[in-house]
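Trainee: Handing you this structure, nothing more for now.
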Amino acid sequence: MIADLTEVYESSTSDIVKEKYASYGGRVLEAATFDGKLMAMPSTSNANIPTMLWVRKDWLDKLGLSEPKTVGDMEKILTEFVQKDPGGNGKGKTVGLVLAKSIGGLYGSLFQADNIFATYQSFPRQWLDKDGEVVYGSTTEETKQSLGLLADWYKKGLIDRQMAVRDSIESVIISGEAGAFFGPWWSADYPLNDAKRQNNDADWRPYIISKDGSGEVTAYTQNPAAEFYVVRKGFEHPELLPKLTSALNDKLVNEDLNYEPVVEFIKGGFDGGRPLGIMVNYNDATAQMYKDLKATVDGEKEYETLTLDDRTSYDKIVGYMKDPEKADANQWSGYMSRMVGAKLMAETKVNDVHPVFFGQTKSMKLKWTNLVKLEDEAFLKIVMGEEPLSYFDTFVDTWNRTGGSDITNEVTQAIMNK
């Protein structure tokens, strides 16, 4: 039903778009290739790791604490926050670390404990190749060890006591009750922009937490192929797909920066700016964004050469740098996300772990929802102390018996057939 795009991709795709696809190490186009034939052009999902630990720096300063580098440093800081209440919230009301009920495994998301899991070489919710065998990351011994640490922290009162019933984690941060959370480089835009509006003295800063303090981290990658765009078999001009893709993701990005329909689309003026929703970016797009903005701030790059989005960010950054004390929340968040958070992304050494499967098998359609629910409930019970750490083995056994083992075999077969 769909056309083979192998030839028209080579003949009608711009060099820059090919370069963007290549930045994923071949993983994007491989996902759309069957029997040696390219059957689609994918939209890409660029890297959003490592996530980082966002901490109230003003609380650190008030208590005379050093900035965190290790998991041990983090535990010490959370202990001091909870016991000494530097925010003046009242006894027992300060939350050390806020976590989502899902706890881990949602790529590049807010309030996940993936940074902690990764120090144990644990990667929840990911299908992995472990010594030549396909395993589900939530069922490994390393994940059990990670949950043990989090359960210990919860028992000590370092993790939000109401994590299981908290309707809005953001509200705890905005109100000034929380001292730390895990989040991506853009966390200064949300939820910290609102926290800054509420309390201008709240000085949130991002840090990279590693096992040994070296600053080198391990993190799993996401599915690099977000969507697939195809051409009907027999269509007279299949080359239109790579040409449109190249126009949207090369010419209108690097040359015709002020092309009016695209400008209006980016600003949200109307939906007619793009004839095709395909988005292709470099895997390290965030790091490149930081480098471009830094070079412009330093006078090494012309403002007019920035993309439209980066021009908006640059204006906020310059506004903040002129007078940080009087900067508004938007200027602060623009600077903190793109000149501090994105800088950490650009400069942190990350050892990538690539999951081996992102699809859906036959048994997943029937059983996956219940298995995810089983996992979420088991992890939450262990962390909150409602079940002992040994309950993890019961969870793994139940997971395998109620469909997990069958799904693992199907994933293994799917990988072999690909």
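Residue numbering for the sequence shown follows numbering that gives the first Met the number 0, beginning at 0 and increasing consecutively.
Yeah, the Cβ is synthetic: ideal placement off N, Cα and C, and Gly gets one too.
#1: Is there at least one Cβ from chain C nearer than 8 Å to residue 127's Cβ?
#2: When you compare each of 304, 286, 149 to residue 251 by their alpha carbons, which one comes out closest?
#3: Straight-line CA distance for residue 26 to residue 182?
#4: In this structure, how does DSSP classify residue 73 when only helix, strand and coil are distinguished?
#5: Secondary structure at residue 133, three-state DSSP: helix, strand or coil?
#6: At what residues does the alpha helix (DSSP H) containing residue 7 begin and finish?
#7: Got a sec? Which residues, its chain only, sit under 6 Å from residue 351 by beta carbon, not counting five neighbours each side?
#8: Give the DSSP bridge partners of residue 224, in chain order.
#9: What is the DSSP secondary structure of residue 327, counted as helix, strand or coil?
#10: Identify the continuous beta strand (DSSP E) that holds residue 216 and give its terminal residues.
#11: Could you compute how far the alpha carbon of residue 13 sits from the alpha carbon of residue 314?
#12: Closest to residue 226 by CA distance: which of 147, 42, 163 is it?
#13: Which same chain residues, not among the five before or five after residue 78, have their C-beta less than 8 Å away from its C-beta?
#14: Suppose you measure from the CA of residue 209 to the CA of residue 3; what does that come to, to the nearest Å?
#15: Can you tell me whether DSSP reads residue 265 as helix, strand or coil?
#16: Output the boundary residues of the beta strand (DSSP E) element that contains residue 356.
#17: If you count every other CB in all the chains shown that lies within 10 Å of the CB of residue 18, and 16 or more means buried, which is it?
#18: Who are the near neighbours of residue 340 in its chain, counting only those whose CB is closer than 8 Å to its CB and skipping five residues on each side?
#19: Cutting at 7 Å between CB atoms, please list the residues of its own chain near residue 309, excluding the five before and the five after it.
#20: Go to residue 180, then tell me how far its beta strand (DSSP E) extends in each direction, as first and last residue.
#21: Decide if residue 368 is buried, meaning its Cβ has at least 16 other Cβ atoms within 10 Å, or exposed.
#22: In three-state terms, what does DSSP make of residue 292?
#23: Output needed for residue 10: all residues of its chain with C-beta closer than 6 Å, excluding positions within five of it in sequence on either side, in chain order.
#24: Which of the three DSSP states is assigned to residue 51 in this structure?
#25: Is the beta carbon of residue 75 sitting closer than 8 Å to the one on residue 203?
#26: Return the CA-CA distance between residue 357 and residue 126, expressed in angstroms with no decimal places.
#27: Using only the alpha-carbon positions, how far apart do residue 323 and residue 394 sit?
#28: Any idea which residues DSSP pairs residue 33 with across the strands?
#29: My assumption, with CB atoms under 8 Å, is that residue 150 sits in contact with residue 381. Please give the rounded CB distance.
#30: Helix, strand or coil for residue 370 per DSSP?
#31: Tell me, to the nearest whole angstrom, how far the beta carbon of residue 217 is from that of residue 40; I am working on the premise that it is less than 8 Å.
#32: Apart from the five residues on each side of it in sequence, which residues of its chain come closer than 8 Å, Cβ to Cβ, to residue 330?
#33: To the nearest angstrom, how far is the alpha carbon of residue 116 from that of residue 349?
Mentor: Quick answer:
#1: Absent from the structure: chain C. Only one protein chain is present.
#2: 304
#3: 25 Å
#4: helix
#5: strand
#6: 5 to 11
#7: 220
#8: 43
#9: coil
#10: 216 to 219
#11: 31 Å
#12: 42
#13: 95, 155, 157
#14: 45 Å
#15: Residue confidence for residue 265 is low, a pLDDT of 49 falling below 50, so the modelled location carries little weight and cannot support an answer.
#16: Unbroken run through residue 356: none, as it is neither H nor E.
#17: exposed
#18: 51, 183, 184, 185, 186, 187, 205
#19: 288, 291, 292
#20: 177 to 182
#21: exposed
#22: helix
#23: none
#24: strand
#25: no
#26: 8 Å
#27: 50 Å
#28: 36
#29: 6 Å
#30: helix
#31: Actually they are not in contact, since the Cβ atoms of residue 217 and residue 40 sit about 31 Å apart, beyond 8 Å.
#32: 315, 316, 318, 319
#33: 15 Å
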